[in-house]
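This report concerns only the one structure given below.
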Amino acid sequence: MSHYEAPIREPLITGNKSFHDITNDVAAPVEGKANKLWWIAFLIALTAFLYGLGAIMYTIGTGIGVWGLNNKINWAWDITNFVWWVGIGHAGTLISAVLLLFRQKWRMGINRSAEAMTIFAVFQAGLFPIIHMGRVWNAFYVLPLPNALGNLWVNFNSPLLWDVFAISTYLSVSIVFWYTGLLPDFAMLRDRAVKPFQKKIYSLLSFGWSGRLKDWQRFEEVSLVLAGLATPLVLSVHTIVSMDFATSIMPGWHSTIFPPYFVAGAIFSGFAMVQTLLIIMRKVSNLEAYITNIHIENMNKVILLTGGIVSVAYITEFFIGWYSGSSYEDYTYLSVGAATGPYWWAFWALITCNFIIPQSLWFKKLRTSYMWSFFISIVINIGMWFERFDIIVIDLSRGHLPSTWAMFSPTYVDIAVFIGTIGFFFVLFLLYSRTFPVIAQAELKSILKSSGENYKKLREENHES
Amino acid sequence: MSHKVIQALFDDDDVLLSAVKDLRDADYHIDEVFTPFPVHGLEKAVGIPNTRIAITSFIYGVIGLSFAVWMMNYMMIQDWPMNIGGKPNFTFAENMPSFVPIMFELTVFFAAHLMVITFYMRSKLWPFKEAENPDVRTTDDHFMVEVFTKDDSSDLETLLKKSGAKEIKTKA
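These protein sequence lines are chains Z and D, in that order. Sequential numbering from 32 applies to the first sequence in the numbering used here. Sequential numbering from 727 applies to the second sequence in the numbering used here.
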């Protein structure tokens with residue numbers, strides 16, 4: 032047995048499962064045929080993706096003038112969506128890295144899918160700054176290469192460049208972390224594949240993993256060190272994203288609270304997206320025994336905590352905006368001016384979705400309900416989108432000069448690009464859920480004896496503690 | 727004298743662990759163990775040394791940090807100094823605070839990727855590499871212990887049977 036677990040703790044694997052059952056259950060969605068529901072979901076996502084792809088091509092072909100941006104509000108939907116997607120990405124690393132360092136065994140049922148979600152979300156995020164450049168064929172200008180103008184280097188003083196390094200490091204390290212964890216599970220699929228084609232593919236993907244003792248020893252060390260590296264990395268990524276705003280001198284952006292507050296918000300929205308995906312997936316892929324009530328409840332507790340941090344930040348910003356007595360501070364995204372001005376609906380959408388409704392998670396009954404958790408996860412996803420919209424659009428809509436005051440309205444292209452990234456995200460996730468082992472089965476097997484329901488019962492009957 | 731490999735299959739990690747201890751007590755050298763998941767304490771029981779891969783990661787991290795310092799010093803201070811927002815850039819030390827984020831990112835980048843590449847090389851994992859586990863069940867729910875032996879193996883087989891091995895195969 033790998034570790035001792037108090038009998039009072041709820042089991043992480045329910046039902047009467049053996050090692051072989053775990054193998055079967057994880058391999059079932061990969062080996063079986065997709066049902067009708069999967070195809071319907073896939074086709075909807077694909078349509079949305081293609082629609083968005085068309086909008087992206089139109090934007091690139093014509094120029095970003097097709098968006099609703101204007102002279103004053105020159106960042107809007109695109110950067111909102113960028114920050115939203117990066118934030119969503121944070122939960123995967125948090126679950127796989129931070130919870131590994133804290134030795135939270137419940138992460139094992141959900142870390143694979145959460146990391147997949149991270150990678151797919153960061154793909155979407157990366158699209159926006161690149162499209163926003165307008166001339167995407169010059170995107171390589173952000174790399175420290177001697178460029179067409181001679182040896183004019185990139186500006187290392189700029190948080191936008193820090194972003195380039197942070198996001199690309201984060202994406203590549205997440206992929207490597209995820210893939211290394213996948214090797215033993217691909218090997219499991221390879222060794223039980225019947226169809227020759229499947230065997231070939233999984234044997235290629237598994238890199239010839241054989242499960243030697245020395246390999247496992249290195250595997251565990253590598254996972255631990257990667258978790259140790261990914262933890263400060265994930266904090267740095269959203270810190271740097273927040274510096275895109277915080278290092279400017281815009282009222283509402285120029286705020287020292289931004290880095291920790293952005294990180295908390297990112298975890299908040301990321302866990303919400305994990306909930307959205309996993310509550311559906313546990314049903315569709317028959318993984319109810321591995322993604323249980325306790326997983327959902329634990330994630331809701333993280334949501335409650337990070338939601339609390341975010342709410343405290345809102346109140347602080349609101350109070351300081353008022354207390355400063357500065358008229359410029361009275362139209363930052365959290366201020367009396369915002370609450371009563373033309374963007375009152377965006378302000379109240381933020382407060383309702385991120386502050387008021389998540390408080391219901393204090394009640395155990397609601398926290399452990401799948402329906403309510405699903406509902407709340409959608410609400411938080413919307414709320415966090417509005418948070419970024421508010422930060423960007425409300426703050427930009429009122430500058431120091433009244434002549435620069437403006438309103439923003441998105442064009443259909445703005446909306447189509449956003450819908451397209453949601454479609455792309457779900458296309459990737461749906462393909463993943465049918466071809467990848469969606470649960471880290473090797474890791475899960477190592478806690479079966481300590482945390483499985485049947486083993487716990489057995490120990491209780493034998494009066495062992 | 728011919729070499730033989732005794733392969734013993736187990737179906738429980740705790741039985742495997744105690745069997746390995748029995749073998750070690752009887753002074754047998756365990757050459758390989760294949761398991762479907764990491765069995766904690768097994769490396770100590772078999773007696774293999776600790777892995778040094780974390781040390782390599784530290785070294786790679788130091789290389790990454792040095793590279794970042796060299797790169798930004800060359801580009802921003804020496805090759806083409808630029809006045810950006812009036813930030814002092816006569817020396818590296820003056821401009822250093824705004825280099826910290828990228829110094830950190832490159833440290834992580836080098837430490838993570840080079841360590842994983844080292845792991846793949848040392849454990850011989852790459853695309854198109856053939857798997858070498860002798861029994862496909864060892865990625866599912868079985869555990870295999872391999873002992874190389876030269877002489878008569880009947881004692882070893884009896885010991886393995888007694889320790890709970892489900893199957894014993896001999897390969898020449």
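Don't be surprised by glycine CBs; every beta carbon is placed ideally from N, CA and C.
Measuring straight from C-alpha to C-alpha, what distance separates Z/TYR359 and Z/VAL343? Cα to Cα, the separation comes out at about 22 Å.
What residues of chain Z sit near D/ARG848, judged by a beta carbon separation below 8 Å? ARG249
Counting Cβ pairs closer than 8 Å, one from the stretch 825-834 of chain D and one from the stretch 260-273 of chain Z, do we hit at least three? Touching, yes.
Indicate whether the contact test is met: 3 or more Cβ pairs, each with one atom in the stretch 419-432 of chain Z and one in the stretch 371-381 of chain Z, closer than 8 Å. yes
Measuring CB to CB, does Z/VAL469 end up less than 9 Å from Z/VAL57? yes
Where does Z/PHE467 sit, in a helix, a strand or coil, going by DSSP? coil
Within-9 Å CB hit, D/MET727 to chain Z: Because D/MET727 sits at a pLDDT of 47, beneath the cut-off of 50, its placement in the model cannot be relied upon, and the following sentence gives the value as read from the coordinates. So, not an interface residue.
D/MET847: first and last residue of the uninterrupted alpha helix (DSSP H) it sits in: Counting along the chain, the alpha helix (DSSP H) containing D/MET847 begins and ends at 826-848.
At which residue ranges does the stretch 43-102 of chain Z contain complete alpha helix (DSSP H) runs of 4 or more residues, listed in the order of the chain? As far as the stretch 43-102 of chain Z is concerned, its whole alpha helix (DSSP H) runs of at least 4 residues are 50-62 and 67-93.
Taking Cβ positions, are Z/ASN142 and Z/GLY123 nearer each other than 9 Å? yes
Using C-beta distances below 6 Å, list every residue in its chain close to D/LEU735, excluding the 5 sequence neighbours before and after it, in chain order. HIS868, MET870, LYS892 and GLU893
Nearest candidate by alpha-carbon position, reference Z/VAL256, set Z/ALA128, Z/GLN135, Z/LEU309 and Z/SER237: Z/ALA128
Taking one C-beta from the stretch 849-860 of chain D and one from the stretch 230-248 of chain Z each time, how about it: are there three or more such pairs within less than 8 Å? Yes, the stretch 849-860 of chain D is in contact with the stretch 230-248 of chain Z.
Out of curiosity, what's the CA-to-CA distance linking Z/ALA370 and Z/GLY157? 32 Å
Inspect the beta-carbon positions of Z/LEU236 and Z/PHE250 and report whether they are closer than 9 Å. In this structure, Z/LEU236 lies away from Z/PHE250, with their beta-carbon atoms at least 9 Å apart.
Kindly say whether Z/MET304, judged by its beta-carbon, lies nearer than 9 Å to any beta-carbon of chain D. no
In the DSSP output, what is D/GLU758 paired with across the bridge? For D/GLU758, the pairing in a beta bridge is given by DSSP as D/GLU872.
Buried or exposed: which applies to D/ARG778, given that a residue is buried once 16 or more other Cβ atoms fall within 10 Å of its Cβ? exposed
Give a yes or no on whether 9 Å exceeds the smallest Cβ distance from D/ILE789 to chain Z. Closer than 9 Å: no.
Just to confirm my understanding: we take Z/ASN329, look at its own chain, exclude 5 residues before and 5 after, and list those with CB closer than 6 Å. What are they? TRP137
Tell me the residue span of the beta strand (DSSP E) that contains D/LEU735. 730-736
Measure the CB-CB distance between Z/THR442 and Z/VAL97 and report whether it falls below 9 Å. Z/VAL97 is positioned such that its CB atom lies closer than 9 Å to that of Z/THR442.
Could you compute how far the alpha carbon of Z/VAL341 sits from the alpha carbon of D/GLY890? 56 Å
Using a Cβ cut-off of 7 Å, pull out every chain Z residue sitting near D/VAL834, in sequence order please. THR200, VAL204, LEU260 and LEU264
By the 10 Å Cβ neighbour count, where 16 or more other Cβ atoms means buried, how is Z/LEU68 classified, buried or exposed? exposed
Coarse secondary structure for D/GLY787, derived from DSSP in three states: helix
Could you check whether the stretch 301-315 of chain Z touches the stretch 267-281 of chain Z, counting it as contact only if at least three pairs of C-beta atoms, one from each stretch, sit closer than 8 Å? no
Under DSSP, the beta strand (DSSP E) around D/GLU893 begins and ends at which residues? 893-897
Quick check on the DSSP output: what are the complete beta strand (DSSP E) runs of length 3 or more inside the stretch 200-251 of chain Z, in order along the chain? Whole beta strand (DSSP E) segments, 3+ residues: zero.
Would a C-beta distance cut-off of 9 Å place Z/TYR354 and Z/ASP426 closer than the cut-off? no
Among Z/VAL185, Z/MET148 and Z/ASN66, whose alpha-carbon lies nearest the alpha-carbon of Z/TRP209? Z/MET148
Please return the same chain residues whose Cβ sits closer than 7 Å to the Cβ of Z/ILE450, not counting the five positions on each side in sequence. ALA79, TYR82 and GLY83
Measure the CB-CB distance between D/VAL731 and D/ASP757 and report whether it falls below 9 Å. Between D/VAL731 and D/ASP757, the C-beta gap is smaller than 9 Å, which places the two residues in contact.
Cutoff 6 Å; reference Z/VAL333; Cβ partners in own chain excluding five residues on either side: PHE302
Can you pull out the residues from the stretch 858-874 of chain D whose beta carbon lies closer than 7 Å to at least one beta carbon of chain Z? GLU858, ASN859, VAL862, THR864, THR865, ASP866 and ASP867
Using a Cβ-Cβ distance cut-off of 9 Å, determine whether Z/LYS245 contacts chain D. Output row for Z/LYS245: interface = yes.
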